[in-house]
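Asker:
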Amino acid sequence: MKSLWSDADAEAIVARYAEVGVASEVALCVYGSRLLGGDPRLVLHGGGNTSVKTVLPDIFGESAEVLCVKGSGWDLAALEPEGLPAVRLAPLRALRRREALDDAEMVRVSRAALLDPASPNISVEALLHAFLPHRYVDHTHSVAVLSLADQPDGMGLCAEVFGRHLGIVPYVRPGLPLAKAAAAAFEADPDVVGLILTKHGIVTFADAASEAYERMIEMVTLAEQRIAQGRNPVFAVSALPPDIAGPAEVAPILRGACAIPDPRTIGLYRCFVLDFRGGRAVRDFVDGAELERYGLAGVATPDHTIRTKNYPLILPSPERGHLDRFAIETRQAVERFVTDYRAYFARHNAASAGDKRELDPMPRVVLVPGQGLFGLGRSAKDAAIAADIAESWIETVTGAEAVGRFESLSEAELFEMEYWSLEQAKLGRAEEKPLFGQIALITGGAGTIG
């Protein structure tokens, strides 16, 4: 991975934002964030977060030590200064003394500490940024790093690859537990330039924006170099039918099988939009003889569960001339997926407080051997996001299988993330219109009507 940092570009963005009163430290954080967010090998669709600690005037003109951290729901690639809401640092750091902190408390404390009450909620990982002492902190879900960290012995492999450069934090849920663990890992070895968050991602930090960014690129490059030493090809190819139907023939079958009856209108269904991907890396993955093993192993990073669920639906290969049989097999596969998902929800909801509301049980990623993958969403945007994340997940699993064996979080840990209220809040669901997702046919438009 090559650094894209340009001192000239950084100076230009500082000058441009200075005209509207944005501090230079914040402008540099925006610049570095956009560089990170512009590379899908590092973050996707609202993933990752960045921050800078500085001093800004409050509403009374008094100087306040603040943390400017990515607001929840913002994409790093398109970050603006308002996407780095300023929150007083002292109240956040005081939370380190707490043994536990529920979601409602976290939101109340952080919103009360905002310099501007109209700002968006701060990232769910803001405490991690606050507890680390460095001016600039960058956090990504690097594909290459996750390929090493998502292993049965991910901590050992990361220690081998990164040596004394990075501290290693065992997996704990984001929020207060992770923030405390990360701070403790740094304090145990203050010479590290970053941290591996096992089965989650990577953090780098420095007192200069350019240095925090460069350290991220350097560490990701080390991971990429290790993966390049792995086996190739990664997946043995399975036997496939000689003549496979195309995506246009499969999509209507899949769309129909995944339609959900609309509780508001008898006879109407809530349908999904499909986004197809069939590149070489995707085909190598879905055509693999062990697809059932590695394809159902779980997500690459917990942040993805809210977009793709914890695992995909795997369909049989659609043989041309036998699509009636494929349609039956698809409906049966979807029914099994729904049954398994509902059992998963009931199992883990009962083991927790029992107060969660089940999300719709339909898959968001579908793998079709001999063809590729479909991302599913209630809108074209959501379908594209699911497909993007699925392609990134495939790259992560492929890298992991090249050097070892991919392993995700436990089912209980994945449930905790999928149904974590602060994660669900990122989606910002609005009430759907009655015909949202339906296909409309207008007749007479070229004649005398209208």
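Using our numbering, you'd call the opening residue of the sequence shown number 972 and step up by one each time.
Glycine included, C-beta positions come from ideal geometry on N, C-alpha and C.
#1: What is the C-beta distance between residue 1178 and residue 1106, in whole angstroms, given that I count them as a contact (C-beta under 8 Å)?
#2: If we call anything under 8 Å between Cβ atoms a contact, is residue 1339 one with residue 1221?
#3: Could you compute how far the alpha carbon of residue 1158 sits from the alpha carbon of residue 1103?
#4: Which class does residue 1269 belong to by DSSP, given the choice of helix, strand or coil?
#5: Excluding the 5 residues flanking residue 1376 on each side, which residues of the same chain have their C-beta closer than 7 Å to its C-beta?
#6: With a Cβ-Cβ cutoff of 8 Å, do residue 999 and residue 1014 count as a contact?
#7: In angstroms with no decimal places, state the Cα-to-Cα distance between residue 1188 and residue 1116.
#8: Buried or exposed: which applies to residue 1291, given that a residue is buried once 16 or more other Cβ atoms fall within 10 Å of its Cβ?
#9: Which value, in whole angstroms, describes the spacing of the CA atoms of residue 1046 and residue 1293?
#10: Along the chain, where does the alpha helix (DSSP H) that runs through residue 1000 open and close?
#11: Using only alpha-carbon positions, find the residue among 1200, 1223, 1204 that is nearest to residue 1119.
#12: Ordered along the chain, which non-local residues of its own chain (more than five positions away) have a Cβ less than 8 Å from that of residue 1373?
#13: Would you tell me roughly how many angstroms separate the C-alpha atoms of residue 1180 and residue 1003, rounded to the nearest one?
#14: Where do the N-terminal and C-terminal ends of the beta strand (DSSP E) with residue 1139 fall, by residue?
#15: For residue 1121, which of helix, strand or coil comes out of DSSP?
#16: For the alpha helix (DSSP H) containing residue 1177, name the first residue and the last one.
#17: Using the three-state DSSP reduction, which class does residue 1037 fall into: helix, strand or coil?
#18: Please confirm whether residue 1364 and residue 1275 have their CB atoms less than 8 Å apart.
Answerer: The relevant details are as follows:
#1: With a Cβ gap of about 5 Å, residue 1178 and residue 1106 count as contacting.
#2: yes
#3: Distance between residue 1158 and residue 1103, taken at the CA atoms: about 9 Å.
#4: In the structure shown, residue 1269 adopts coil according to DSSP, grouped into three states.
#5: 1122, 1123
#6: Cβ distance not < 8 Å, so residue 999 and residue 1014 don't count as in contact.
#7: 11 Å
#8: Residue 1291 comes out exposed.
#9: Their Cα atoms are separated by approximately 43 Å.
#10: 995-1008
#11: 1200
#12: So the list reads 1118, 1198, 1201, 1202, 1203, 1205, once near-sequence residues are dropped.
#13: 7 Å
#14: Taken as a continuous stretch (DSSP letters only), the beta strand (DSSP E) holding residue 1139 covers 1137-1140.
#15: coil
#16: No alpha helix (DSSP H) contains residue 1177, which is instead part of the beta strand (DSSP E) from 1172-1177.
#17: strand
#18: yes
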